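The structure appears right after this line, and notes come after that.
2 protein chains.
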Amino acid sequence: LIISNIYHGNFINITNCHDGIGQLQFKIVLEEELQSKISFLHFTILPPETSIGFHKHEDSEEIYIILKGSGEVIVNDEKHIVVQGDVILNRKGSSHGLKNINRENLEILVIEGKF
Amino acid sequence: LIISNIYHGNFINITNCHDGIGQLQFKIVLEEELQSKISFLHFTILPPETSIGFHKHEDSEEIYIILKGSGEVIVNDEKHIVVQGDVILNRKGSSHGLKNINRENLEILVIEGKF
């Protein structure tokens with residue numbers, strides 16, 4: 001039985017993720033276990049005023065799922081405020097970034113798909 | 116900007132999902148929008164005493180993410196109690212099912228990956 005938990009286990013600190021601001025906490029929920037074209041499922045915590053920098057997906061698409069908190073997402077040239085339950089798709093060839101604009105942690109799931 | 120919300124929008128009622136018990140509420144969060152080998156991202160609510168019946172994934176793998184509530188998952192011949200934050204992988208060729216064993220709704224994300 002392959003089971004993991006988003007909230008338990010080892011978190012890794014990442015500084016300036018994709019040239020973003022500050023230090024994030026990051027956990028690989030599923031990656032090596034996956035056999036399909038789903039590359040990974042990651043859980044990332046963005047403390048207040050931190051961000052994932054704007055970056056391009058050349059050969060994959062990626063989904064952000066907002067589990068808690070709120071933020072400002074950028075996809076290509078569009079900015080949008082995102083809140084709990086929002087799901088943002090970044091298609092192949094598109095660029096995205098995310099910033100925590102709130103006083104509480106911003107928690108997200110990140111899922112990447114290959115072609 | 117391709118954005119959706121897990122909790123808002125149209126839910127569909129499904130009765131006896133994969134020969135399971137009772138009526139579930141189901142929402143397609145992302146499906147047609149996806150271009151990679153991620154087939155879909157669905158949000159499913161299992162009211163108390165309902166279930167997704169035991170079924171096999173012949174050509175895909177599928178991930179359940181428990182957002183709220185608790186349940187009993189079966190993968191092949193193994194049963195396990197799952198709670199908020201648990202992530203359960205069902206590999207290609209494996210079978211799984213899920214039952215709500217609690218008095219509150221069980222909310223899950225379902226992601227399928229192709230090969």
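Here the protein sequences line up with chains R and H, keeping their order. Quick note on numbering: our numbering labels position 92 of the first sequence as 92, and the sequence is numbered without any gaps. To get our numbering, take the position in the second sequence, counting from 1, and add 115. All C-beta atoms, glycine included, are put in the ideal place defined by N, C-alpha and C. Note that this is a predicted model, so its numbers are computed, not measured.
query: Which value, in whole angstroms, describes the spacing of the CA atoms of Glu-222/H and Lys-114/R?
result: Along the second sequence, read from residue 1 onward, the residue named residue 222/H stands at position 107. Along the first sequence, read from residue 1 onward, the residue named residue 114/R stands at position 114. Each residue's alpha carbon lies about 27 angstroms from the other.
field: Closest Cα partner of Gly-69/R within the set Lys-56/R, Pro-48/R, Glu-61/R
entry: One-based indexing of the first sequence puts residue 69/R at position 69. Considering only alpha carbons, the answer is Pro-48/R.
field: Neighbourhood of Thr-15/R by C-beta, 6 angstroms cutoff - its chain only, sequence neighbours within 5 removed
entry: The count along the first sequence starts at 1 and reaches residue 15/R at position 15. Once the five neighbours on either side are set aside, the close Cβ partners of Thr-15/R are Gln-23.
query: For the beta strand (DSSP E) that contains Gln-188/R, what are its first and last residues?
result: The requested residue 188/R does not occur in the structure, where chain R is confined to residues 1 to 115.
- request: Under 8 angstroms between beta-carbons, which chain R residues line up against Gly-200/H? List them in chain order, please.
  value: Your numbering for residue 200/H matches position 85 in the second sequence. In chain order: Asn-5, Ile-6, Tyr-7, His-8.
Where Asp-192/H falls: helix, strand or coil (DSSP): Position 77 of the second sequence, counted from the first residue, corresponds to residue 192/H. Coil at Asp-192/H, not helix or strand.
message: Less than 7 angstroms between CB atoms is the rule here; does Leu-24/R satisfy it with respect to chain H?
response: For the purposes of this step, residue 24/R is taken as the residue at position 24 of the first sequence. Chain H, which has no Cβ nearer than 7 angstroms to the Cβ of Leu-24/R, makes this no.
task: Would you identify the three-state DSSP class for Asp-134/H, choosing helix, strand or coil?
output: Within the second sequence, numbered from 1, the residue matching residue 134/H stands at position 19. In the three-state scheme derived from DSSP, where H, G and I count as helix and E and B as strand, Asp-134/H is classed as helix.
- request: Quick one: list the residues of chain H neighbouring Val-75/R, beta-carbon separation under 7 angstroms, in chain order.
  value: Within the first sequence, numbered from 1, the residue matching residue 75/R stands at position 75. Per Cβ cutoff of 7 angstroms: Leu-116.
- prompt: Which first and last residues belong to the beta strand (DSSP E) in which Glu-222/H is found?
  reply: Walking along the second sequence from the start, residue 222/H turns up at place 107. Here the beta strand (DSSP E) through Glu-222/H covers 221-228.
message: Can you tell me which residues form a DSSP beta bridge with Lys-37/R?
response: On the first sequence, residue 37/R is found 37 positions in, with the first residue counted as 1. In the DSSP output, where bridge partners are listed per residue, Lys-37/R has none listed.
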